[in-house]
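Presented below is the structure to which this report refers.
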Amino acid sequence: MANFIQETDYEVQARQEMIRLLDGSDERTALLKAERFAVSQIRKYIGGRYDCDTIFAATGDLRDDYIIMITIDIALYHLWSKKAPKQVPEHRKERYADALDWLTNVGSGEMPTDLPQLPTDSYRGDLRIYSLHKPNDNKY
1 MANFIQETDY EVQARQEMIR LLDGSDERTA LLKAERFAVS QIRKYIGGRY
51 DCDTIFAATG DLRDDYIIMI TIDIALYHLW SKKAPKQVPE HRKERYADAL
101 DWLTNVGSGE MPTDLPQLPT DSYRGDLRIY SLHKPNDNKY
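Read in full-length UniProt numbering, the sequence shown has 94 at position 94, and its numbers run on one by one without any break.
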């Protein structure tokens, strides 16, 4: 998981000057922490339906491009909101909102995706059956 996002992945979405502005350290500690937060957030949204261990264990070209993109979007949004909460660029807010919308839809099963699913025995589905009557009085 720590190596899921590589430095070269940021070239598509952010300029190096912006990344240096958001994380001034040479070790990129704030950036790595924001990545961990983003991965954790993604796990919370889709972890009940999809195998996040497999998703984030992938390396190189085996990684899902869309998951890379939304992980970076979420991480950069968290960095911006920490550094300058009132000056988060509008496109960052939109990309963050789009990422959350997609995660919500995929996590609830409304939108199909090609991510690896959890085995059916460990799947936590959404179907719950409730009744006000006790099961033994035949009114349910």
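Even for Gly, the Cβ is constructed at its ideal location relative to N, Cα and C.
Note that the structure is predicted; figures quoted are calculated from it, not measured.
Among the options, nearest to residue i - alpha-carbon criterion
i	options	result
L103	K44, V88, G60 and T54	K44
R36	F4, I55, D64 and D23	F4
S40	H91, I70, R63 and K86	I70
A58	K86, Q6, L132 and Q87	Q6
Proximity below 7 Å, CB of residue i to CB of residue j
i	j	result
Y50	Y77	no
G107	I42	no
I68	D114	no
A34	L79	yes
residue 159	Q16	In the structure displayed, the chain extends from 1 to 140; residue 159 sits before or after that span and is not available.
A75	A38	yes
Nonlocal neighbours in the same chain, by C-beta distance under 6 Å from residue i, ignoring five residues either side
i	result
P116	D51 and T54
E11	none
L118	D51
K82	none
Beta-carbon contacts of residue i that lie in its chain and below 8 Å, excluding the five residues immediately before and after
i	result
L31	I19, L22, D23, A75 and L79
Q89	Per the sequence shown, residue 89 should be read as Pro rather than Gln. Counting only Cβ-Cβ distances below 8 Å, and skipping sequence neighbours, we find W80.
K93	Y77
T29	D23
N105	M111
T120	none
Same chain, Cβ closer than 7 Å to residue i, five either side skipped, listed in chain order
i	result
D61	none
Please give the ranges of any alpha helix (DSSP H) in the stretch 43–98, keeping only runs that are unbroken, at least 4 residues long and fully inside the region.
52–57 and 65–83
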